[in-house]
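Each residue of the sequence shown is one higher than the last, beginning at 1 in our numbering.
Don't be surprised by glycine CBs; every beta carbon is placed ideally from N, CA and C.
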Amino acid sequence: MSIKPEWWEKILAGEKDLEIRKTVPRGGAGEPEPWPLLVLAYVSGTGAVLGQFLCMGWVKGNCWRYLSSRACVPEEDLKKYAGGKSLYGWIVGEAEAYDTPSPLAEFGLNRPPMSWQYVEVPDLEDE
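Okay, here's the thing in structure tokens:
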């Protein structure tokens, strides 16, 4: 998932517990998908994955005050981003910064995702 540096810092500090997106992974809200999901945090402008967080599920809505308070994004910015549609708040669980950034190529990516995408995570036990 591509995340702006200021949002990543707020996630790590525990200030931001929703990450706003226009789409979500398959499943959630009672549908089959293994929760929590491991989300790798590609921090925009770094060229690398700087950490990870657990996505505990998601909420869908257009209750701007609620989304704004939990996502640390002004209500007007959310409305503009939504373009008249509902948004999804990915529920942020435990987050951690990596000691050493991981290049995108380590995950088979040539470029960062526009928003988010599925990737194969290397088996760390084989290293």
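query = Ordered along the chain, which non-local residues of its own chain (more than five positions away) have a Cβ less than 8 Å from that of leucine 37?
reply = Correct list, in chain order: Pro25, Leu54 and Cys55.
query = Are the C-beta atoms of glutamate 6 and some chain C residue less than 8 Å apart?
reply = Absent from the structure: chain C. Only one protein chain is present.
task = Could you tell me the distance, in whole angstroms, from the CA atom of glycine 51 to the CA atom of glycine 89?
result = Glycine 51 and glycine 89: Cα-Cα distance of roughly 19 Å.
query = Are the stretch 2-17 and the stretch 57-68 in contact at 8 Å, needing three or more beta carbon pairs?
reply = At 8 Å Cβ cutoff, the stretches do not touch.
request  = Say whether the stretch 62-74 touches the stretch 94-104, bearing in mind that this needs 3 or more beta-carbon pairs closer than 8 Å, one atom from each stretch.
outcome  = The stretch 62-74 makes no contact with the stretch 94-104; the number of CB pairs closer than 8 Å stays below 3.
query = If you drop the 5 nearest sequence neighbours on each side, which residues of the same chain put their C-beta closer than 8 Å to that of leucine 18?
reply = Once the five neighbours on either side are set aside, the close Cβ partners of leucine 18 are Val59, Leu67, Arg70, Ala71, Gly89, Trp90, Ile91 and Val92.
request  = Kindly indicate which three-state DSSP category aspartate 99 falls into: helix, strand or coil?
outcome  = Of the three classes helix, strand and coil, the one that applies to aspartate 99 here is strand, per DSSP.
task = State the Cα-Cα distance for the pair lysine 16 and alanine 95, rounded to the nearest angstrom.
result = Looking at the two C-alpha atoms, the distance is approximately 11 Å.
query = Quick one: what does DSSP say leucine 109 is sitting in, helix, strand or coil?
reply = DSSP places leucine 109 in coil when its eight states are reduced to three.
request  = Would you check if the distance between the CB atom of alanine 41 and the CB atom of methionine 1 is smaller than 8 Å?
outcome  = A contact, by the Cβ cut-off of 8 Å.
query = What separation, rounded to the nearest whole angstrom, lies between the Cα atoms of lysine 85 and glutamate 120?
reply = Each residue's Cα considered, the two are about 31 Å apart.
request  = Name the residue from Trp116, Pro112 and Cys63 whose alpha carbon lies nearest to the alpha carbon of threonine 46.
outcome  = Answer by Cα proximity: Pro112.
ask   = Looking at lysine 79 and tryptophan 64, is the spacing between their C-beta atoms short of 8 Å?
value = Their beta carbons are under 8 Å apart, which means tryptophan 64 touches lysine 79 by this criterion.
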